[in-house]
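Worksheet for the structure shown next.
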Amino acid sequence: MLRMRALLAGFIAPCLPTKTDKLPSGSQWLHEIKHDGFRIIARKNGDRVKLYSRPGNDLTRRFPLIVETLARLRSLAERRGAEAAARETNQTLDILTARNESEIVATFASLKERRIGALIIGSDSFYLGQMRWMAALAAHNEMPAIGPSQEFTAAGGLMNYGPSIADGARQVGVYVGKVLKGARPADLPVVQPTKFELAINLKAAKALGLDVPQTLLAIADEVIE
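With this note's numbering as the guide, the letters of the sequence shown map in order to residues 252 to 476.
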């Protein structure tokens, strides 16, 4: 079983119940009735979805409908945040998706036809691996775009705003350190990003004919001239 789990990339062992001879008591304890069936753990990386049973068996091909449904899910929090910002600024928001490189090219090509004035690139893991290329596409299509990572701006994109990757790596190290010292993962809180970075590329802004307000430049973590 351990060898099989090692071959399943992305599998994370769940917290399983511990056998005991005495049932716990008190108002803080919950219980559930166990019915026959499957308990599935889903791992999602961009549009790629893997399904595992609790012991670690790969069930991806057994439940294609679940895989297809999960693959189409977007980050609701990210989408709702963009929708709220659009309402507050009286802007129209169009949600566009691309699941592969050819769809990214087609999406960028359609922006002017749809009269899109600016583009916000989501923090999907698939997009994060395409930052340099997407920055080039934005420049080629003369589209003001905001990316989720500093790599986008460094490659010629207009600007980026999002969680600090370096700080995220530091938080992972702290989390792992606590586990190695004996902390139970189930007892540790979910860690949310605490540091966000804003970078602006003035060269890209000039090529797009945009004047970046001094108030925005003043709060930027990095300005590329």
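By construction, the Cβ of each residue, glycine as well, lies at the ideal position given by its N, Cα and C atoms.
Nothing here was measured: the structure is a model prediction, and the numbers come from that model.
Contact belief for M410 with L449 at Cβ below 8 Å, rounded distance in angstroms: Here the question's residue 410 lines up with position 159 in the sequence shown. Here the question's residue 449 lines up with position 198 in the sequence shown. Taking 8 Å as the upper bound for CB-CB distance, M410 and L449 are in contact here, some 7 Å apart.
Rounded separation between D557 and P440 - CA only: Given that the chain is displayed from residue 252 to residue 476, the structure contains no residue 557 and the question cannot be resolved.
Pairwise C-alpha distance: P414 and F447: On the sequence shown, position 196 is the one that residue 447 refers to. On the sequence shown, position 163 is the one that residue 414 refers to. Rounded to the nearest angstrom, the two C-alpha atoms are 4 Å apart.
According to DSSP, residues forming a beta bridge with G413: Translated into positions along the sequence shown, residue 413 becomes position 162. DSSP lists E448 as partners of G413.
For D309, three-class secondary structure by DSSP: For the purposes of this step, residue 309 is identified with residue 58 of the sequence shown, where counting begins at 1. It is a strand residue.
Cβ neighbour criterion (16 or more within 10 Å) applied to M255: Residue mapping note: residue 255 aligns to position 4 of the sequence shown, counting from 1. Its pLDDT being 38, under 50, M255 is placed unreliably by the model, and nothing is read from it.
DSSP three-state assignment for L424, whether helix, strand or coil: Taking the sequence shown and counting its residues from 1, the one referred to as residue 424 is at position 173. Residue identity check: residue 424 is Gly in the sequence provided, not Leu. In the structure shown, G424 sits in a helix (DSSP, three-state: H, G or I).
With 16 other Cβ atoms within 10 Å as the buried cut-off, status of G408: One-based indexing of the sequence shown puts residue 408 at position 157. Result: buried.
Beta carbon of R305 nearer than 8 Å to that of I292: The sequence position of residue 305 within the sequence shown is 54, counting from 1. The sequence position of residue 292 within the sequence shown is 41, counting from 1. Going by C-beta atoms, R305 is nearer than 8 Å to I292.
Close-in-space but distant-in-sequence residues of the same chain around A469 (CB under 6 Å, 5 per side omitted): Along the sequence shown, read from residue 1 onward, the residue named residue 469 stands at position 218. If we look at A469 and ignore the five residues flanking it on each side, it has no Cβ neighbours.
First through last residue of the beta strand (DSSP E) which encompasses L302: As a first step, residue 302 is located in the sequence shown; it is residue number 51 there, counting from the start. Here the beta strand (DSSP E) through L302 covers R299 to S304.
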